[in-house]
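Okay, so here's the structure we're looking at.
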């Protein structure tokens with residue numbers, strides 16, 4: 263291989279590495295701004311459907327593909343997982359906050375504890391925790407963790423108005 267060709271290859275690889283570093287740095291700026299419940303619907307005698315929106319801020323200069331978002335809804339007081347869900351792949355547009363809507367079916371069996379708390383406590387907090395996985399050209403996956411506390415009883419009061 264000629265010296266000139268080697269130099270060109272080194273330059274190309276260097277440029278690619280610099281671009282990957284810039285993209286990886288931009289990925290660190292992505293954040294879950296808000297996770298909110300918008301509706302609660304009876305789905306069947308054994309389950310309820312939770313409907314909500316997640317707002318993801320992508321201040322970077324690049325659109326970023328998200329492979330998936332995995333989340334858990336946890337009763338804060340005793341750390342019982344009420345439900346788990348997954349949001350499939352989508353693309354975060356650059357320099358914007360993207361709203362992702364979701365709908366998730368929650369079985370009643372693990373939520374008997376929640377029903378007791380709703381009847382006996384003034385406030386009942388659930389914590390939504392999860393991870394979003396950003397994909398960089400199939401080479402690198404960046405994990406974005408999030409956690410948000412929601413007063414579930416207050417949410418139900420507002421739904422009944």
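Numbering (my numbering), first residue to last: 263 to 423. Note that the Cβ used here is the ideal one computed from N, Cα and C, for glycine as well.
query                                                                                                                                                                           : result
CA-CA distance, residue 389 and residue 335?                                                                                                                                    : 6 Å
Whole angstroms is fine: what's the gap from residue 206's alpha carbon to residue 402's?                                                                                       : Nothing about residue 206 can be read from this structure; the chain reaches only from 263 to 423.
In three-state DSSP terms, what is residue 389?                                                                                                                                 : strand
Measure the Cβ-Cβ separation of residue 346 and residue 333 and say whether it is below 9 Å.                                                                                    : yes
My guess is that residue 424 and residue 387 are in contact by the Cβ rule of under 8 Å, so how many angstroms apart are they, rounded?                                         : With the chain covering 263 to 423 only, the question about residue 424 has no answer from this structure.
From 363, 341 and 416, pick the residue whose C-alpha is nearest to that of residue 331; which is it?                                                                           : 363
Please report the distance separating the alpha-carbon of residue 353 from that of residue 383.                                                                                 : 40 Å
Within the same chain, show all residues whose beta-carbon is closer than 6 Å to that of residue 313, passing over the 5 residues directly before and after it, in chain order. : 300, 301 and 365
Have a look at the DSSP bridge pairing and note the partners of residue 343.                                                                                                    : 336
May I ask you to list the residues that DSSP assigns as paired with residue 296?                                                                                                : 317
Buried or exposed for residue 320, going by 16 or more other Cβ atoms inside 10 Å?                                                                                              : buried
Cutting at 7 Å between CB atoms, please list the residues of its own chain near residue 361, excluding the five before and the five after it.                                   : 315 and 317
For residue 398 versus residue 326, is the C-beta distance shorter than 9 Å?                                                                                                    : yes
Ordered along the chain, which non-local residues of its own chain (more than five positions away) have a Cβ less than 8 Å from that of residue 357?                            : 320, 321, 322 and 323
So, with DSSP's three-state summary, where would you put residue 416?                                                                                                           : helix
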